[in-house]
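Structure first, commentary second.
In this note's numbering, the protein residues as written are 5 to 566.
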């Protein structure tokens, strides 16, 4: 019963769209005008030629024997088959692909062929009426049977099959994405100084948003991972294309239309619309909010690979924004990365699950790497400050979710990579020292409970492994100053742990550094990379020597004070 109701609703919607939408009416005008012109040309010029051609082939056609009453029946059947097939195919496909009917009722080939079928039927009915009035219609009747019917039979059923194929989810996604590309390219072709009417601006904004909404609906309704991944990657690629062309788009386009302000994604941001217009980021913000919503859905559903793709695309759009020097968009993306971090951290706390955070930190680090390529020093410092903040949040949550201890190590690993790179590229030493001090905070957070800290750091050595691994790199580069600062930080553990536990912990750390290889014996989402590995084990004796000298100095100071 439900299927019947849906078919009836589908037929009603299709019929309503055909008779009311401007694009459908334009298609009707084109088809009816073209058919009238073709009938005139055939009657006037082609019918005698066609008759002679048949006679030359040995045929002796008797046109008066053609039954004019047969034509309306044939065309009514044909029209019913085409419109019925279209209704059935689209209505059933729309059960899994939302708003599919609206999509295909803006599809020029579909509109043209439906109106072609209707025009052929009207042509046949007109001939029937004229014949009953005693008017000579033989040339037009031959045109109807020999040309229109033949063409319709040739293209009719392939058209239905093509519609059936195009309702495949992957093809629907391609159609929606291509619609976005065409609109963006149309805007860019006008140039930054080009003109655009308010009506056209509002129409394009609305259509772009509708396409995004339809794509996100697919993520929710379609149960398979492949189309979900196609949507995420497609939106990311579309955004990158948009960001590249944004400088060429007319300025008026970035004035947000009232319908866009009422969009569900912006209803809580109405007081910020002036800022969104100023930064020209309304389209990106819409996309990021939608991706953020599905990111939460993927977190709750345990879809680690899909949630990771959301963050990956955010990072890739960030890369494009950095390359295009879109400072406002870079700021928006930084905020969105932090928002995703908060989502993933909340999920990790509740489920004791670090996997989403692990993947997110990787792509956040990748984003910082893109900032490094273009020497965005201020933004790098800001992002590192966020890393320290979230590391503190992870540390505070470890007693409730022990697996978050690993995320501390992952954050530290990304900072270690950053420090090595800025040293190799010979960045300002004051900046390097500032970044190093933030790196060393990872085992000395604010308001840290001493008893818990002793228990934690004596059993979880990841932070110190990464600290000392960086020190070994510095020693390999003859950078004794930074290596000394790390060594001084490590011996502070003596005050926290006591001499016996300190020596035992350091022995374990040195053993792991000495014998760990570059790969791990298990696979992760990032491969089997061992984040604790250092290729500079030969410098370990030098670091131990520095440590021992510092410990000896501390003992002498202690004895002197007493």
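All residues carry an ideal CB built from backbone N, CA and C; glycine is no exception.
Being a predicted model, the structure only gives us computed values, none of them experimental.
Cutoff 6 Å; reference residue i; Cβ partners in own chain excluding five residues on either side
{"i": "residue 498", "result": "506"}
{"i": "residue 496", "result": "none"}
{"i": "residue 79", "result": "124, 125, 128"}
{"i": "residue 31", "result": "115, 116, 119"}
{"i": "residue 370", "result": "319"}
Residue i - DSSP class collapsed to helix/strand/coil
{"i": "residue 181", "result": "helix"}
{"i": "residue 7", "result": "Per-residue confidence for residue 7 stands at a pLDDT of 42, beneath the threshold of 50, marking its modelled position as unreliable; the derived number appears in the next sentence. Correct three-state label for residue 7: helix."}
{"i": "residue 430", "result": "coil"}
{"i": "residue 523", "result": "strand"}
{"i": "residue 375", "result": "helix"}
{"i": "residue 455", "result": "helix"}
{"i": "residue 558", "result": "helix"}
{"i": "residue 61", "result": "coil"}
{"i": "residue 297", "result": "helix"}
{"i": "residue 547", "result": "helix"}
{"i": "residue 507", "result": "helix"}
{"i": "residue 400", "result": "helix"}
{"i": "residue 464", "result": "coil"}
{"i": "residue 532", "result": "strand"}
{"i": "residue 502", "result": "coil"}
{"i": "residue 270", "result": "coil"}
{"i": "residue 328", "result": "coil"}
{"i": "residue 253", "result": "coil"}
{"i": "residue 259", "result": "coil"}
{"i": "residue 305", "result": "helix"}
{"i": "residue 52", "result": "helix"}
{"i": "residue 186", "result": "helix"}
{"i": "residue 70", "result": "coil"}
{"i": "residue 389", "result": "helix"}
{"i": "residue 226", "result": "coil"}
{"i": "residue 494", "result": "helix"}
{"i": "residue 615", "result": "Because the chain spans 5 through 566 in this model, residue 615 falls outside it and cannot be assessed."}
8 Å CB neighbourhood of residue i in its chain, flanking five on each side removed
{"i": "residue 343", "result": "296"}
{"i": "residue 47", "result": "143, 144, 147"}
{"i": "residue 43", "result": "127, 144, 147"}
{"i": "residue 285", "result": "332, 333, 336"}
{"i": "residue 187", "result": "208, 211, 212"}
{"i": "residue 201", "result": "none"}
{"i": "residue 558", "result": "495, 498"}
{"i": "residue 549", "result": "none"}
Closest by C-alpha distance to residue i, when choosing among the options
{"i": "residue 403", "options": "214, 453, 444", "result": "453"}
{"i": "residue 524", "options": "535, 514, 518", "result": "535"}
{"i": "residue 477", "options": "443, 509, 544", "result": "544"}
{"i": "residue 462", "options": "511, 174, 532", "result": "511"}
{"i": "residue 219", "options": "180, 517, 241", "result": "180"}
{"i": "residue 139", "options": "72, 189, 152", "result": "72"}
{"i": "residue 293", "options": "172, 329, 341", "result": "341"}
{"i": "residue 516", "options": "533, 465, 490", "result": "465"}
{"i": "residue 401", "options": "36, 554, 357, 152", "result": "357"}
{"i": "residue 157", "options": "185, 120, 130, 183", "result": "120"}
{"i": "residue 193", "options": "66, 254, 374", "result": "254"}
{"i": "residue 442", "options": "391, 155, 118", "result": "391"}
{"i": "residue 203", "options": "382, 221, 277, 262", "result": "262"}
{"i": "residue 135", "options": "76, 122, 84, 88", "result": "76"}
{"i": "residue 547", "options": "385, 378, 469", "result": "469"}
{"i": "residue 367", "options": "419, 399, 393, 230", "result": "419"}
{"i": "residue 298", "options": "221, 370, 244", "result": "221"}
{"i": "residue 440", "options": "488, 229, 159", "result": "488"}
{"i": "residue 445", "options": "396, 279, 229", "result": "396"}
{"i": "residue 155", "options": "491, 533, 471, 39", "result": "39"}
Same chain, Cβ closer than 7 Å to residue i, neighbours up to 5 away in sequence not counted
{"i": "residue 364", "result": "315, 344, 345, 348"}
{"i": "residue 576", "result": "Outside the shown range of the chain, which is 5 to 566, sits residue 576, and nothing can be said about it."}
{"i": "residue 213", "result": "264, 267, 290"}
{"i": "residue 234", "result": "174, 177"}
{"i": "residue 552", "result": "none"}
{"i": "residue 480", "result": "540, 543"}
{"i": "residue 384", "result": "372, 375, 376"}
Cβ distance (whole Å) where residue i is taken to contact residue j below 8 Å
{"i": "residue 312", "j": "residue 387", "result": "Rounded, the Cβ-Cβ distance is 19 Å, inconsistent with contact."}
{"i": "residue 423", "j": "residue 474", "result": "6 Å"}
{"i": "residue 281", "j": "residue 248", "result": "Incorrect: roughly 21 Å between the Cβ atoms, too far for contact."}
{"i": "residue 451", "j": "residue 467", "result": "Their Cβ separation, rounded to whole angstroms, is 18 Å, which puts residue 451 and residue 467 out of contact at 8 Å."}
{"i": "residue 251", "j": "residue 196", "result": "6 Å"}
{"i": "residue 122", "j": "residue 149", "result": "Their Cβ separation, rounded to whole angstroms, is 18 Å, which puts residue 122 and residue 149 out of contact at 8 Å."}
Any non-hydrogen atom of the ligand MN closer than 7 Å to residue i Cβ
{"i": "residue 499", "result": "Among the ligands in the structure shown, none appear at all, so the ligand MN cannot be discussed."}
**Item:** the region 407 to 420 contacting the region 347 to 354, beta-carbon criterion three pairs below 8 Å
**Value:** yes
Pair every Cβ in the region 314 to 334 with every Cβ in the region 261 to 277, then say whether three or more of these pairs are closer than 8 Å. no
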